[in-house]
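**Student:** One structure follows; several queries about it will come next.
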Amino acid sequence: DAKTTQPNSMESNEEEPVHLPCNHSTISGTDYIHWYRQLPSQGPEYVIHGLTSNVNNRMASLAIAEDRKSSTLILHRATLRDAAVYYCILANYGQNFVFGPGTRLSVLP
Amino acid sequence: EPEVTQTPSHQVTQMGQEVILRCVPISNHLYFYWYRQILGQKVEFLVSFYNNEISEKSEIFDDQFSVERPDGSNFTLKIRSTKLEDSAMYFCASSDELRDSPLHFGNGTRLTVT
Chain A
86 DAKTTQPNSM ESNEEEPVHL PCNHSTISGT DYIHWYRQLP SQGPEYVIHG LTSNVNNRMA
146 SLAIAEDRKS STLILHRATL RDAAVYYCIL ANYGQNFVFG PGTRLSVLP
Chain B
899 EPEVTQTPSH QVTQMGQEVI LRCVPISNHL YFYWYRQILG QKVEFLVSFY NNEISEKSEI
959 FDDQFSVERP DGSNFTLKIR STKLEDSAMY FCASSDELRD SPLHFGNGTR LTVT
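This is the structure we're talking about:
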């Protein structure tokens, strides 16, 4: 399984943007970059995914480096409800999603 | 928005007993998964299921575990003889057949083995 590296924890102030980094230097050309989050006492929740180009949806933006060896999940205005563990996962067709420890995001009021 | 539902939300059982955890995946999805998360630890893959058979399983998924899709809507995980170390949150997930399809997770069943 391809590996990702994320900081253990990050902190943000409410209503400020948050940039969550992920390194994946061994990514293959067909690996998709997925982001999930897990709120307390809930199952993982899909956030966003992409292959090469930057992606935007209603929850977040995903910025992918040109060499694809890193990516950044961007929450444009953090709210208290965004406090969660964020997982960056590489996945290829037919492969299973392997969760690492993720980044625990704390949002301060 | 369609969602994956799991029942029960909490199951307490005695060591050695059999438990069945139930999941209703999203209706047009074709791939089904079970994951577990021991308290304070990471989410671990157990098994994936497609076309009425297991696609892949982890080393955690030993002979005590089995999965079944008994009808067109349910997907179950059975643990034949529970052990204390089976206590965890069990998450069901499903996805459609698109190559980059994300997983949709349920909110889990908390299994407590006493």
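In the order they appear, the protein sequences are chains A and B.
According to the working numbering, the first sequence is numbered sequentially starting from 86.
According to the working numbering, the second sequence is numbered sequentially starting from 899.
A virtual CB, placed ideally from N, CA and C, is assigned to each residue, including glycine.
Nothing here was measured: the structure is a model prediction, and the numbers come from that model.
1. Please report whether the beta-carbon of Asn-142 of chain A lies at a distance below 9 Å from any beta-carbon of chain B.
2. Please report the Cβ distance between Ile-924 of chain B and Val-910 of chain B, rounded to the nearest whole angstrom; I am assuming they are in contact, meaning their Cβ atoms lie under 8 Å.
3. From the DSSP output, which residues share a beta bridge with Gly-135 of chain A?
4. Could you give the distance in angstroms between the alpha-carbon of Thr-980 of chain B and the alpha-carbon of Val-917 of chain B?
5. By the 10 Å Cβ neighbour count, where 16 or more other Cβ atoms means buried, how is His-72 of chain A classified, buried or exposed?
6. Bridge partners for Thr-157 of chain A per DSSP, in chain order?
7. Among the residues of its own chain, which have a CB less than 6 Å from the CB of Thr-115 of chain A, if the five just before and after it don't count?
8. Quick check on the burial criterion: 16 or more other C-beta atoms within 10 angstroms. Buried or exposed for Gly-970 of chain B?
9. Quickly, what does DSSP pair Ala-991 of chain B with across the bridge? List them, please.
10. Quick test of the definition: if touching needs 3 or more C-beta pairs under 8 Å, does the stretch 924-940 of chain B touch the stretch 974-994 of chain B?
11. From Leu-105 of chain A to Lys-940 of chain B, what does the alpha carbon distance come to, in whole angstroms?
12. I want to see whether chain A comes within less than 9 Å of Pro-968 of chain B, judged by CB atoms only; does it?
13. Rank B:Pro-1000, B:Thr-1012 and B:Thr-1007 by C-alpha distance to the C-alpha of Ser-907 of chain B and give the top, closest one.
14. When DSSP labels each residue in this structure, what does Glu-954 of chain B get in the three-state scheme?
15. Just to confirm before moving on: does the CB-CB distance between Asp-994 of chain B and Asn-926 of chain B stay below 9 Å?
16. Using DSSP bridges, identify the partner residues of Ile-918 of chain B.
17. Quick one: measure Cβ to Cβ for Leu-944 of chain B and Phe-959 of chain B, integer angstroms, because I've assumed they're closer than 8 Å.
18. Out of A:Leu-124, A:His-161 and A:Pro-129, state which residue places its alpha-carbon closest to the alpha-carbon of Met-144 of chain A.
19. Report the residues of the stretch 167-189 of chain A with a CB closer than 7 Å to any CB of chain B, ordered along the chain.
20. Between which residues of its own chain and Lys-154 of chain A is the CB-CB distance below 8 Å, once the five residues before and five after are set aside?
**Tutor:** In short:
1. no
2. Not really, about 28 Å apart at Cβ, beyond 8 Å.
3. A:Ile-118
4. 7 Å
5. An answer regarding residue 72 of chain A cannot be provided, because it is not within the stretch 86 to 194 covered by chain A.
6. A:Pro-106 and A:Ala-148
7. Asn-177
8. exposed
9. B:Tyr-931 and B:Phe-1003
10. yes
11. 18 Å
12. no
13. B:Thr-1007
14. strand
15. yes
16. B:Lys-976
17. 5 Å
18. A:His-161
19. Tyr-178, Asn-181, Phe-182, Val-183, Phe-184, Gly-185 and Pro-186
20. Asn-108, His-109, Ser-110 and Ile-112
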